[in-house]
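Student:
Residue numbers (this note's numbering): 185 to 483.
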């Protein structure tokens, strides 16, 4: 849908409910998941509980939106956490940005609404000693009477690439190129068009490659590299954490944050870390603050 005025007949005089329908069509057309569309629509529909029912989208001002958020936060009578408020501001900004970019509104009333960032608690990461203990515990499985390279292949990949659980489950054997001219790397792919911006190429460590070749010989994956359920992979990490005598719960998220912190400590450029993690510049702002805090630079 390129021109919403042609396809959805939306003009500056259109009322909110009709505009919502056009936005919903647009989001689905862009490949957004049903859950994402539902969440965005739920947030923006709250506007209809605050504004006059006959107020057209062209008559909504920045002051209207600021009063709406103040009402939601302090006067509505229903709890609204900082994280929820931040998400709702993001949703409404997205809605009005769409109207403005497609020519329905000459001015975006949400552009000057202050985005509020709800900084969540700091994540847990592995110390250097814990990092080594985890790798040693995983590596021991490769040396057993019945060798099993699965543990090391999984955990070392997570700790050196910082990929998420969903990305790990989406790896196929043809996403890994061990013979590339510029060195071995892994491609992180996405089926959804809306997530294509997260796709990237990440270099692989030589130590990991040896374990991966052992893993291929032992398990012979046909397509999906880690052909187990998400819960089974979580159990593998938990087992390694126990064997390494961690007091923390080893998880995909802990591995991802540990990777980001270690890359930062090793002198990797901030934007290179951002691209390696596959996050947007907006998401990176909060993530980078946390990395600095984890490194002891900020309180």
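Cβ coordinates follow ideal geometry from the N, Cα and C atoms, glycine included. Quick caveat: nothing in here was measured; it's all calculated off a predicted structure.
Between which residues of its own chain and residue 353 is the CB-CB distance below 7 Å, once the five residues before and five after are set aside?
Tutor: Translated into positions along the chain shown, residue 353 becomes position 169. Counting only Cβ-Cβ distances below 7 Å, and skipping sequence neighbours, we find 410, 414.
Student: 8 Å is my cut-off, CB to CB: does residue 389 come that close to chain C?
Tutor: Absent from the structure: chain C. Only one protein chain is present.
Student: Going by Cα to Cα distance, which pick from 333, 280, 406, 341 is closest to residue 356?
Tutor: The count along the chain shown starts at 1 and reaches residue 356 at position 172. Ranking 333, 280, 406, 341 by Cα distance to residue 356 puts 406 first.
Student: Between 311, 418, 207, which has its C-alpha nearest residue 275's C-alpha?
Tutor: As a position in the chain shown, residue 275 is number 91, starting the count at 1. Ranking the options by Cα distance to residue 275, first place goes to 207.
Student: Confirm, please, whether the CB-CB distance from residue 204 to residue 225 is below 8 Å.
Tutor: Numbered from 1 along the chain shown, position 41 holds the residue referred to as residue 225. Numbered from 1 along the chain shown, position 20 holds the residue referred to as residue 204. A contact, by the Cβ cut-off of 8 Å.
Student: With three or more C-beta pairs closer than 8 Å as the rule, is the stretch 392 to 399 touching the stretch 287 to 297?
Tutor: No, the stretch 287 to 297 is not in contact with the stretch 392 to 399.
Student: When the Cβ atoms of the stretch 238 to 249 are set against those of the stretch 212 to 225, are three or more pairs found closer than 8 Å?
Tutor: Cβ pair count under 8 Å is below three, so no.
Student: At which residue ranges does the stretch 309 to 392 contain complete beta strand (DSSP E) runs of 3 or more residues, listed in the order of the chain?
Tutor: Counting whole runs of 3 or more residues, the stretch 309 to 392 contains the beta strand (DSSP E) stretches 369 to 372, 384 to 387.
Student: In three-state terms, what does DSSP make of residue 478?
Tutor: Residue mapping note: residue 478 aligns to position 294 of the chain shown, counting from 1. DSSP places residue 478 in helix when its eight states are reduced to three.
Student: Beta carbon of residue 382, beta carbon of residue 462: below 8 Å?
Tutor: Working through the chain shown from its first residue, we reach residue 382 at position 198. Working through the chain shown from its first residue, we reach residue 462 at position 278. Against a cut-off of 8 Å, the Cβ pair of residue 462 and residue 382 comes out as a contact.
Student: Where do the N-terminal and C-terminal ends of the alpha helix (DSSP H) with residue 236 fall, by residue?
Tutor: Here residue 236 refers to the residue found at position 52 when the chain shown is read from its first residue. Note, residue 236: premise wrong, no alpha helix (DSSP H); not H, not E.
Student: Alpha carbon to alpha carbon, how far is residue 416 from residue 385?
Tutor: Stepping through the chain shown from its first residue, residue 416 is reached at position 232. Stepping through the chain shown from its first residue, residue 385 is reached at position 201. If you take the alpha carbons of residue 416 and residue 385, they lie about 26 Å apart.
Student: Can you tell me whether residue 259 is buried or exposed? The criterion is at least 16 other CB atoms within 10 Å of its CB, across all chains shown.
Tutor: Numbered from its first residue, the chain shown carries residue 259 at position 75. The residue in question, residue 259, is exposed, as its Cβ has fewer than 16 Cβ neighbours within 10 Å.
Student: Can you say whether residue 466 is buried or exposed, counting buried as having 16 or more other CB atoms within 10 angstroms of its CB?
Tutor: Within the chain shown, numbered from 1, the residue matching residue 466 stands at position 282. Counting Cβ neighbours within 10 Å, residue 466 comes out exposed, since fewer than 16 surround it.
Student: Need the endpoints of the alpha helix (DSSP H) that residue 439 sits in, please.
Tutor: On the chain shown, residue 439 is found 255 positions in, with the first residue counted as 1. Where residue 439 is concerned, the enclosing alpha helix (DSSP H) stretches over 436 to 449.
Student: Residue 300 and residue 263 - do their beta-carbons sit closer together than 8 Å?
Tutor: To locate residue 263, count along the chain shown from 1; it is residue 79. To locate residue 300, count along the chain shown from 1; it is residue 116. Not closer than 8 Å, so no.
Student: Please check the pair residue 436 and residue 342, which I expect to be a contact at CB under 8 Å, by giving their CB distance rounded to whole angstroms.
Tutor: Taking the chain shown and counting its residues from 1, one reaches residue 436 at position 252. Taking the chain shown and counting its residues from 1, one reaches residue 342 at position 158. Right, the Cβ-Cβ distance comes to about 6 Å (below 8 Å), so this counts as a contact.
Student: Give the range of the alpha helix (DSSP H) segment to which residue 205 is assigned.
Tutor: Here residue 205 refers to the residue found at position 21 when the chain shown is read from its first residue. Element bounds for residue 205: 200 to 213.
Student: By the 10 Å Cβ neighbour count, where 16 or more other Cβ atoms means buried, how is residue 390 classified, buried or exposed?
Tutor: Your numbering for residue 390 matches position 206 in the chain shown. Exposed.
Student: Could you pull out every residue in the same chain whose Cβ sits closer than 7 Å to the Cβ of residue 229, ignoring the five residues on either side in sequence?
Tutor: Stepping through the chain shown from its first residue, residue 229 is reached at position 45. For residue 229, where only same-chain residues beyond five positions count, the Cβ hits under 7 Å are 204.
Student: For residue 191, does the three-state DSSP call read helix, strand or coil?
Tutor: In the chain shown, the residue the question calls residue 191 occupies position 7. Residue placement at residue 191 cannot be trusted, given a pLDDT of 42 that sits under 50; what the coordinates show is reported in the next sentence. Residue 191 falls in the helix class under three-state DSSP.
Student: What separation, rounded to the nearest whole angstrom, lies between the Cα atoms of residue 237 and residue 277?
Tutor: Numbered from its first residue, the chain shown carries residue 237 at position 53. Numbered from its first residue, the chain shown carries residue 277 at position 93. When rounded, the distance between both Cα atoms is 20 Å.
Student: In the DSSP output, what is residue 240 paired with across the bridge?
Tutor: For the purposes of this step, residue 240 is taken as residue 56 along the chain shown, with counting starting at 1. DSSP lists 199 as partners of residue 240.
Student: Using three-state DSSP, classify residue 408 as helix, strand or coil.
Tutor: The residue labelled residue 408 in the question sits at position 224 within the chain shown. If DSSP states are grouped into helix, strand and coil, residue 408 belongs with the strands.
Student: Only counting the same chain, and skipping five residues up and downstream in sequence, which positions put a Cβ closer than 8 Å to that of residue 240?
Tutor: To locate residue 240, count along the chain shown from 1; it is residue 56. Only 196, 197, 198, 199 meet the Cβ criterion.
Student: Relative to the C-alpha of residue 456, which residue among 346, 312, 250, 311 is closest?
Tutor: Translated into the one-based positions of the chain shown, residue 456 becomes position 272. Nearest option by C-alpha distance: 346.
Student: For residue 308, collect the residues of the same chain with a Cβ closer than 7 Å to its Cβ; drop the 5 residues on either side in sequence, then sort them by chain order.
Tutor: In the chain shown, residue 308 corresponds to position 124, counting from 1. Excluding residues within five positions, the ones whose Cβ falls inside 7 Å are 432, 438.
Student: Grouping DSSP H, G and I as helix and E and B as strand, with all else coil, what is residue 426?
Tutor: Looking up residue 426 in the chain shown gives position 242. Helix at residue 426.
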